[in-house]
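**Q** Chains as they are written, first to last, in our numbering: chain A, 997 to 1411; chain B, 15 to 995.
#1: Run down chain A in chain order and give the residues with a C-beta less than 8 Å from the C-beta of residue 629(B).
#2: Taking only beta-carbon positions, decide if residue 508(B) is within less than 8 Å of chain A.
#3: Can you tell me the Cα-Cα spacing of residue 890(B) and residue 708(B), whole angstroms?
#4: Compute the Euclidean distance between the alpha carbons of residue 1411(A) and residue 1273(A), then round it to the nearest angstrom.
#5: Looking only at its own chain, which residues have a Cβ that is under 7 Å from the Cβ of residue 918(B), when we skip the five neighbours before and after it?
#6: Quick one: residues in its chain with C-beta nearer than 7 Å to the C-beta of residue 1018(B), no 5 flanking neighbours on either side, listed in chain order?
#7: Would you identify the three-state DSSP class for residue 771(B), choosing helix, strand or coil?
#8: Tell me which residues share the same chain as residue 120(B) and place their Cβ nearer than 8 Å to its Cβ, disregarding the 5 neighbours each side in the sequence.
#9: At which residues does the alpha helix (DSSP H) containing residue 141(B) begin and terminate?
#10: Just tell me which of 1190(A), 1218(A), 1067(A) and 1388(A) has its CA closest to the CA of residue 1256(A).
#11: State the DSSP-derived secondary structure class of residue 1410(A), mapped to helix, strand or coil.
#12: Give the residues from the stretch 1055 to 1082 of chain A that approach chain B closer than 7 Å (Cβ to any Cβ), ordered along the chain.
#13: Excluding five sequence neighbours on each side, which residues of the same chain lie with their C-beta closer than 7 Å to the C-beta of residue 47(B)?
#14: Let me check understanding here. Comparing Cα to Cα, which of 812(B), 800(B) and 851(B) lies closest to residue 835(B)?
#15: Within 8 Å (strictly less), CB to CB, does residue 1114(A) reach chain B?
#16: For residue 670(B), list the residues DSSP reports as bridge partners.
#17: Ordered along the chain, which non-local residues of its own chain (more than five positions away) have a Cβ less than 8 Å from that of residue 20(B)?
#18: In angstroms, rounded to a whole number, what distance separates the CA positions of residue 638(B) and residue 663(B)?
#19: Whole angstroms is fine: what's the gap from residue 912(B)'s alpha carbon to residue 927(B)'s?
#20: With a threshold of 16 other CB atoms inside 10 Å of the CB of residue 1343(A), please say whether the residue is buried or exposed.
#21: Quick check: the stretch 1334 to 1354 of chain A against the stretch 1247 to 1263 of chain A, are at least 3 beta-carbon pairs closer than 8 Å?
#22: What in chain A is Cβ-close to residue 706(B), meaning under 9 Å?
#23: Which residue's Cα is closest to the Cα of residue 7(B): 393(B), 823(B) and 314(B)?
#24: Would you kindly report the start and end of the unbroken alpha helix (DSSP H) that includes residue 344(B)?
#25: What span of residues does the alpha helix (DSSP H) with residue 1122(A) cover, start to end?
#26: Using a Cβ-Cβ distance cut-off of 8 Å, determine whether residue 558(B) contacts chain D.
#27: Say whether the stretch 570 to 590 of chain B touches the stretch 640 to 649 of chain B, bearing in mind that this needs 3 or more beta-carbon pairs closer than 8 Å, one atom from each stretch.
#28: So, residue 109(B) versus residue 118(B), is the Cβ gap smaller than 8 Å?
#29: Would you kindly report the start and end of the unbroken beta strand (DSSP E) that includes residue 877(B)?
#30: Can you list the residues of chain B that residue 1288(A) reaches, using a CB-CB cut of under 8 Å?
#31: Are residue 1002(B) and residue 201(B) close, meaning C-beta to C-beta below 8 Å?
#32: Which of the three DSSP states is assigned to residue 794(B) in this structure?
#33: Would you say residue 1394(A) reaches chain B, if we count a Cβ-Cβ gap shorter than 8 Å as a contact?
#34: Smallest Cα separation from residue 1325(A): which of 1083(A), 1264(A) and 1309(A)?
#35: Would you mind sorting residue 352(B) into buried or exposed? The rule is 16 or more other CB atoms within 10 Å of its CB.
#36: Please classify residue 1153(A): is it buried, with 16 or more other beta-carbons within 10 angstroms of its beta-carbon, or exposed?
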């Protein structure tokens, strides 16, 4: 792999950057691979990377309908955190953050990982009670969460001038999650793609999977793509909102529903807020990107949908919620907004699992799956390689639906 | 104060009698009414108006409208706002503005040293470096130099925003020639018509040109149309209004910048239209060559606008660089205004004779290109090169007009999910297939010839109206001088020996041709990758003038046709919109309405601390008396209930009147326990599950009559339960005859409780017999209390003798006050939700959000009796059975008594084996100071808890392990004799 550093940058500047190599190859498509991964998003690429790196499985192809990194990794709000509630979830996200923190070095690619912390702005007592419960649960697994007073909270988030005692929902306290971070979302896809490619994985863009194939013994045998049939011993599905539609091509039904979630950014502003601000009682959260844009997310549209459209009323409620706490943003301008499709399991907890079809694996149900990419890839790769769950993803098996043993993670929904 | 040396003596759409004073970057200037900040600065010869985002290169004004890619300002004082394109700021007396970048000044910008290291910081350079020790180390300093304007420090102090919903038959976006004729035709047919236009005045492109329509000056023709439109009652015209989002089902969102209402800052319209006509015109492209960003380089159409509309001269000696015909008429207008044109550089081999004729004496260098511009903070010459010989030649000038052709403004069309296609003749993406009821017309549809545009407008307007069911009305096509058809040869980039390091494809984000080439070289060749890797097209202008040039550059480099590359996704908003305008007027209690009970004011007057208690209700938490601590208050209130007499306002409880022939069946299937054997006049506690066997809600339902019930739910869940029932009835049992009426706010209640409750109520004037024999536990009695009709339920959430007196809400306060008149001598104490919480924990009663946390089922809570064995089915039955069909450890409800009786642990604290830092085996669901036991008590869900009663559990806090004895989950009156007595 061509090394990236300030020195290689300077050296290449001398040759006017004519000698940079492709970040990943565009090899010819083969007829067979050991493992096929459908979907070159964060989870698919990370899985390919760890398959090659940790398990020495290199005859792997990642198939992507469009351009790599073009799914939900291209349209999320880059919040990385581990303030979950359940014992089943917390260690998984703690691991993900641990991997993220070293990832720029490991991938030799600057993901702009910025561990700036998250502050929850709390406006009701039930929420405060829930967050204190989370705080103590997180502590069991080595994740940080500390209460913070209202004046300190206002000092650290200076534009937070709303929510005073006279307002509809006064701020009564807050929690600080110091482990939380943001990072450049596209870079995560690109970094993993480059790392996987370097280890022999092939990434095939513009290769849409039309159908999954199974053999006479019922196990997976490959896929049909718009570039022809490809056989494989194992196939992993990581296509977020479209998991159910791809699984249906082989008659597999999964306990998932697809929803639309939107996000938006403001115009770039001079530095204003240097933490992630989450307002759970109003259902809105924001952070400021390095470019200066406020990146804002709200609640999903409660109706099931495969669209990437924006529902005006849902969007407006998010804006109003933000202005309740940040009234000075009334004059700040919306620059761009977008939607994405999320597949949500009945218990709002992810699925990393074998399926009823031998050789077919699935990683789905990610709501806020960006933060989970390293751990999701690590554990799915483990599952594919060993045919058994990684301890961290054990609770996320489809088996839990056999007896409705839901994980019911309330912290999923807070983004 | 400088005078306006670059202003023409006559002409233009400005009012010279109205002088306006303003300030830019600390210098004071004058302009006229009708000016924008851009035109007023040009009038004063100001050419350096900005510094660029990354390299801090000098920049000037390039456009004349919202497409402006180079110059952004921040308004100060009352107008304080973040970045605005300099071309869209209307001049106003006292306006103060400053450029968003350039420190200490525009002229001497320290960060312009970035230009020296341009080579070291190509696109994506930060992905390759700043990794050691970590990015966060570099981040603060990089953030400081990023960003554009400062955010305003406060919300606007004068005025507010509002929003409106509106409906119409035909909505037309854009009041240029196509939009005006469409609107007139639709309006004449009788269709409800709305015409939205972004400009200060209607007319669109006509305003900047000198065409004649129907032998009139364009301005007179425009006025004749708008006068007629304004005279029709079925027409609404929104000027200075930008349509910025096109949603599903023909919803278009429009924000009006200057609504004619006092103290109204902006108004947003959500317009749902049966037919939408997009007449948004077209936007001119820049051309890509070295130093194409220097102040003095301007879009040809912008120069035309400045000369004709604002009567200002952006330069004295100009060169025009074009690849299409549209720049030729501009040359004519420039000469008329007195600008010397040194040369027209046309990249094509042969412009038409018509164009040559138009150019008259002007030198035309065909098959030539501009290779570069020279100058420092302003163009002073251009380097021109022949495509054949490659020989460069320098032409002195202070203005370079560029025209790279025209892009139809298809942003809204694309937002509507409709598809685009590339048109070779126009070298542009044009509308293809509409997926909603909309149509593009005029330049937006790729038609650039005025006569045809006017005719098409009429055709499309008539079609839209007739699609809405209105009769076609004849509208004659206005006459115009015929013009030659538009012709262009694409020139996505100039091929020259000059370095492409300074050839900008995205001027705002400082993206160069080199950056695009680097992206492709490194594998980021997909158009979305190019955008994301270089940030091209992601600025405030959203690549309006440069975006397609990036597609062209990729096409050139990768040898792929533009049609196969396509564009990146067009996203709302079309132009940046203030969040205040999006939110409209709804804030605070208009956004989150308060729900009050009739007793709210009384409660506040009595000193209640009010809490949000779910479903937007506010309830008294506790009524502190002077000098009491929180705990003292709660203890006093709880003790009063246990020993004497208390009352609480239980009005927010969800209440539903359920009746109809199938009402009993419905109740029986909603609850897990049997209700069909309930007698009229009695109630029963019931539990509801979701389809997947989770506890949804609990509460008492009373049988008022045959097939007539009153269901009560928890406060926070009333809406959820209602949705649950409606969903069940509408989807699962659509044929059942049941009516559900939410009556939560129609009935209020005062719940009188405590050992002396019966005695107290016997003193109240009533025809109800409160004696134990006549009014048993779980009975309901109707009668009058103090002359008020009431339904009294004998139910208890406190564990004491308790009567819930329900009256119609309008009488509730009267009842409440009367109860206090009578009860005060007896020590009647109002209690809040905190005391209620203590009382229910002592008794081991459930609370949603505490014990019922989504994971526990009724068995876990020790309530196996509530799961009917007799009923064939109820919602959630099968799911619970499936879940319990395998043996696995469950978390069960238990009580906890901390070894230290004074120790009150945090609610929610986990229980872990021996208190170790590992996965929990349960958690404390509630923890209170018990007045009945004079010690702390807690409830918890604990793995296999019931079999561990008597053993020790360990509560794990952050720095401490608190041991506690596991007990039954009830600390008071285990046999419930007190409440049932």
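Every residue gets a Cβ at the ideal spot worked out from N, C-alpha and C, and that includes glycine. Because the structure is a prediction, the values reported are computed rather than measured.
**A** Short version:
#1: Chain A residues near residue 629(B): none, gap ~12 Å exceeds 8 Å.
#2: No, residue 508(B) lies away from the interface with chain A (no Cβ there is under 8 Å from its Cβ).
#3: 7 Å
#4: Low confidence applies here, because residue 1411(A) scores a pLDDT of 38, under 50, leaving its location unreliable and the question unanswered by this model.
#5: 941, 943 and 950
#6: Shown here, chain B extends from 15 to 995; a query on residue 1018(B) therefore has no answer.
#7: helix
#8: 39, 62, 63, 64, 65, 72 and 113
#9: 139 to 142
#10: The shortest CA-to-CA distance from residue 1256(A) to any of 1190(A), 1218(A), 1067(A) and 1388(A) is the one to 1067(A).
#11: Any reading at residue 1410(A) needs caution, since the residue's pLDDT is 41, under 50, leaving its predicted position unreliable; the model's value is listed next. Helix, per DSSP.
#12: 1063 and 1066
#13: 28, 29, 32 and 34
#14: Answer by Cα proximity: 800(B).
#15: Put simply, the CB of residue 1114(A) is far from chain B, with every gap to its CB atoms at 8 Å or more.
#16: Under the DSSP definition of a beta bridge, residue 670(B) partners with 725(B) and 756(B).
#17: 56, 57, 58, 59, 326, 327 and 328
#18: 16 Å
#19: 16 Å
#20: buried
#21: yes
#22: 1342, 1343, 1400 and 1402
#23: What the structure shows of chain B is the stretch from 15 to 995, and residue 7(B) is not part of that stretch, so it cannot be assessed.
#24: Its alpha helix (DSSP H) spans residues 341 to 351.
#25: 1121 to 1136
#26: Within the model displayed, chain D is absent; protein chains A and B are what it includes.
#27: no
#28: no
#29: Segment: none, residue 877(B) is in no beta strand (DSSP E) and carries neither H nor E.
#30: Result: 157, 160, 161 and 162.
#31: Residue 1002(B) is absent from the structure shown; chain B starts at 15 and stops at 995.
#32: If DSSP states are grouped into helix, strand and coil, residue 794(B) belongs with the strands.
#33: no
#34: 1264(A)
#35: exposed
#36: buried
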